[in-house]
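Encoded as structure tokens, the structure appears first; notes follow it.
In the working numbering, the protein residues as written are 17 to 647.
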């Protein structure tokens, strides 16, 4: 089938379409109710089906005779360790850890928080929870105790699983003291903390509730897979909320495993027995979906990478991993490519490795600038596919579905709607807009399987956050437009559209232009308050290594670029050169934080920030440039 035929069927007859897709999963009890409404009137999929996600990731492949195939590759440049695990080996440890959890009183429906670095044990912990029907909530390793305490109080875990430490580029980060402090701060008190000692020298204060990971696994019997309903929550994953209280996205089991299994071939064009690398973290949705569940469901070896694209040890790290493990398809955030481009603008490291195994490169997590895509394609001549999705959706909403029909590359576009997503562009009044008219990106209900089934024990907030803006539609919070062929351009979060003297302008469109300057490695454009025009844009630029361009020349050239591409109405007149931008650990630039700092507003440094020194650096630079409230 062509993409258009495949997609049209998913929209015109969703029940029949997803019934066929669900047949690619082995159910303990096949669903007969394909699409129905839950008690709150929200659509749900495969309600009467029964299955187990861990069984599908491990046991089924062993039963099919693939137990000795490689399931997981742990590659850690920060500890200089590489270890490969077969399905048999993963299943043995996962089943024993699951048995250990049961011996500690964890039952089906209980919650477990996992607070670990990017090591194989983090994946084992997730699968062990899924094996016995416990609901895992992975909290990004290294989050501050206050943030961890908030999540403890919200999901009330019976057990926390942690490790002695994570490793930043230049230091150990002791996790156990963070966990102990979070438990002190929290009202809810978990019964046990399971601690995996990495034996790297981090301090591990002993508490009465502590349980040693190795001793628990060694002393436990293997637990069998619990049968759970399709609608049973597989996990809770917290995403930042505008109120300051994180939102616990709830993911079902049956719909999720159905779409993930099929997406590996349909979207990413990956076959069983191949190697897939999502260079993310299990603390984020990408890690849940495409480091852990999707590759293992598809019998595709997955890479757990503990490192950074640069400085572990240098900008060659990604190419070394691809070469060494014969990666076939890769997924990373655009910020990783920009970081590599900054350190190695001529691609000298790329030439040192055999990358012939790599046939597709996917980008997501933040808007991909055309300059970085072009740089990548210049040095590695394979398709580079930008695509778009959210923690809430759990899998791609917009993509070039490479396994169905690879579409022509349209610079800047995130692709076409993925099967099941009936995407529209609305104006503020809820009227659908035609081609090339920018508005709000929404998706008509029902959303396809695998998307959020709600917020953890907060139905009212779920409706207010996603369903109230346009009744009958899911509001993505993103702005964008589509062309005559159905390709969609995401212009950024709705609050990244600024109003300059009555003109609505996209800061992401300006970023696209700024990034095209040959001396710019990375940039951000935000709107700041202005007494005359309401808002004006300000650009922040990180220059490529060894750039010696004068600031006045850089600013003049960028202003001319923006005038030529967008027009004088853009009113971009200030370019600020910085060494680093405030970012989350997943690579998203903290634009709201940038705006608040420049405008002199009270700001809160989020727990997800990658490097807090980026704030002091930014303030120091703003004082030099005398911009905004720093005049």
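Where a beta carbon is used, it is the ideal one built from N, C-alpha and C, also for glycine. Bear in mind the structure is a predicted one, so any value in this text is a computation, not a measurement.
Review point. Taking buried to mean at least 16 other C-beta atoms within 10 Å of its own C-beta, is residue 528 buried or exposed?
Key: buried
**Study point:** Backbone secondary structure at residue 208 - three-state DSSP
**Key:** strand
Review point. With a cut-off of 8 Å, do at least 3 Cβ pairs link the segment 344-355 to the segment 601-608?
Key: yes
Review point. Can you tell which of 608, 629 and 626 has its C-alpha closest to the C-alpha of residue 724?
Key: The chain is shown only over 17 to 647; residue 724 falls outside these bounds and no answer can be derived.
Exercise for review: Would you mind working out which of 297, 360, 551 and 638 sits nearest residue 157, comparing C-alpha positions?
Suggested key: 297
Practice item. Buried or exposed for residue 499, please, with buried defined as at least 16 other CB atoms from any protein chain shown within 10 angstroms of its CB. Key: exposed
Point to revise | Three-pair Cβ contact test at 8 Å for the segment 459-468 versus the segment 312-331 | key: no
Point to revise | Ranges of the beta strand (DSSP E) found wholly within the segment 140-218, counting only runs of at least 3 | key: 151-154, 175-179, 181-183, 188-190 and 208-212
Check your understanding: What residues are listed by DSSP as bridge partners for residue 590?
Key -> 554
Check your understanding: From what residue to what residue does the beta strand (DSSP E) around residue 633 run?
Key -> Unbroken run through residue 633 is the alpha helix (DSSP H), 629-641; no beta strand (DSSP E).
Review point. In the structure shown, what three-state DSSP assignment does residue 377 receive?
Key: strand
**Study point:** Cβ-Cβ distance between residue 217 and residue 61 below 8 Å
**Key:** no
Review point. Just reading off the alpha helix (DSSP H) that residue 655 is part of, what are its end residues?
Key: With the chain represented from 17 up to 647, any question about residue 655 goes unanswered, as that position is not in the structure.
Review point. Is it buried or exposed for residue 17, if we count other Cβ within 10 angstroms and need 16 for buried?
Key: exposed
Exercise for review: Have a look at residue 556 and residue 213 and give me their C-alpha separation to the nearest angstrom.
Suggested key: 42 Å
Review point. For residue 87, which of helix, strand or coil comes out of DSSP?
Key: strand
Review point. Is it true that the segment 161-178 meets the segment 190-210, where meeting means three or more beta-carbon pairs spaced less than 8 Å apart?
Key: yes
Exercise for review: Could you spell out the range, first to last residue, of the alpha helix (DSSP H) harbouring residue 79?
Suggested key: 76-79
Check your understanding: If you run the structure through DSSP and keep just helix, strand and coil, what is residue 230?
Key -> helix
Point to revise | Boundaries of the beta strand (DSSP E) in which residue 321 is found, first to last residue | key: 317-321
**Study point:** Start-end ranges of the beta strand (DSSP E) lying completely within the segment 398-482, minimum 3 residues
**Key:** 400-402, 438-442, 455-460 and 468-471
Exercise for review: Give the range of the beta strand (DSSP E) segment to which residue 266 is assigned.
Suggested key: 263-267
**Study point:** residue 333 in three-state terms, based on DSSP
**Key:** helix
Review point. For residue 32, which of helix, strand or coil comes out of DSSP?
Key: helix
Review point. Taking the Cβ atom as the reference point for each residue, do residue 340 and residue 316 lie within a distance shorter than 8 Å?
Key: no
Check your understanding: Does DSSP put residue 251 in a helix, a strand or coil?
Key -> strand
Exercise for review: Assess, as a yes-or-no matter, whether the segment 84-102 is touched by the segment 47-57 under the definition of 3 or more beta carbon pairs within less than 8 Å.
Suggested key: no
Point to revise | Burial state of residue 586, where buried means 16 or more other Cβ atoms lie within 10 Å | key: buried
Review point. Quick check: the segment 484-495 against the segment 538-552, are there 3 or more CB pairs under 8 Å?
Key: no
**Study point:** Collapsed DSSP secondary structure at residue 515 in the structure displayed
**Key:** strand
Check your understanding: Are three or more beta carbon pairs between the segment 353-363 and the segment 384-398 nearer than 8 Å?
Key -> yes
Exercise for review: Count the C-beta pairs between the segment 240-253 and the segment 65-79 that are closer than 8 Å, then say yes if the count reaches three, no if not.
Suggested key: yes
Point to revise | Straight-line Cα distance separating residue 405 from residue 430 | key: 10 Å
Exercise for review: Give the secondary structure of residue 61 by DSSP, where H, G and I count as helix, E and B as strand, and everything else as coil.
Suggested key: strand
Practice item. Using the DSSP secondary-structure output, state which residues sit across from residue 73 in a beta bridge. Key: Paired residues: none, contrary to the question.
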